[in-house]
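What follows is a set of notes on a single structure, which appears directly below.
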Amino acid sequence: MSGLYALALLVSIGGLALIDLRHRLFFRVAPIRASLTLVAGLIVFVIWDVWAIHAGIFFRGDSPLLLGINLAPEFPIEEVLFLTLLCYSAMILYTLTVRLLDARQARRGAGTRA
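Letter by letter, the sequence shown follows residues 110 to 223 of the working numbering.
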């Protein structure tokens, strides 16, 4: 079952992309800004992971679900996919929350004028 975890992460990222495109939350609204934001988040988390690996806090566990490809010692390729999923989820949740709060504020504003 090598690669099953990577496949699950890719399917999950694909699901987020469908939600994003359907509801125009992140990439559909401003693709360049979204790409830069996602890459910035990935850079921060990769630096954090590298520091934690160096400090002995993080380590790679053995699993038959992993591809077995490491980008660095104790840093499997699946980690990049997981961090992408994490950042993408956070940005979709953030933009959805802002949209819902704006709609709520607009309803309250419309209700006080009537």
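Yeah, the Cβ is synthetic: ideal placement off N, Cα and C, and Gly gets one too. The model shown is predicted, which means the values in this text are computed figures rather than measured ones.
- Contact check for Tyr197 against Ile141 fails: the beta carbons are separated by 8 Å or more.
- Secondary structure at Phe168: coil, using DSSP grouped into helix, strand and coil.
- Counting only the Cα atoms, Ala219 lies some 50 Å from Ile186.
- The beta-bridge partner set that DSSP reports for Phe184 consists of Ala181.
- By the C-beta criterion, the stretch 178-185 is judged not to be in contact with the stretch 116-134, since fewer than 3 inter-stretch pairs fall below 8 Å.
- Out of Ala126, Met200 and Leu205, the CA that lies nearest to the CA of Ala149 is found in Met200.
- With 16 or more neighbouring CB atoms inside 10 Å of its own CB, Leu175 falls in the buried class.
- With a cutoff of 8 Å on beta-carbon distance, Phe136 and Thr204 are scored as not near each other.
- In the three-state DSSP reduction, Val138 falls in the coil class, being neither helix nor strand.
- Counting along the chain, the unbroken alpha helix (DSSP H) around Ser121 starts and ends at Leu113 to His132.
- Taking C-beta separations shorter than 8 Å and ignoring five residues to either side along the sequence, the partners of Leu151 in its chain run Val189, Leu192, Thr193 and Cys196, following chain order.
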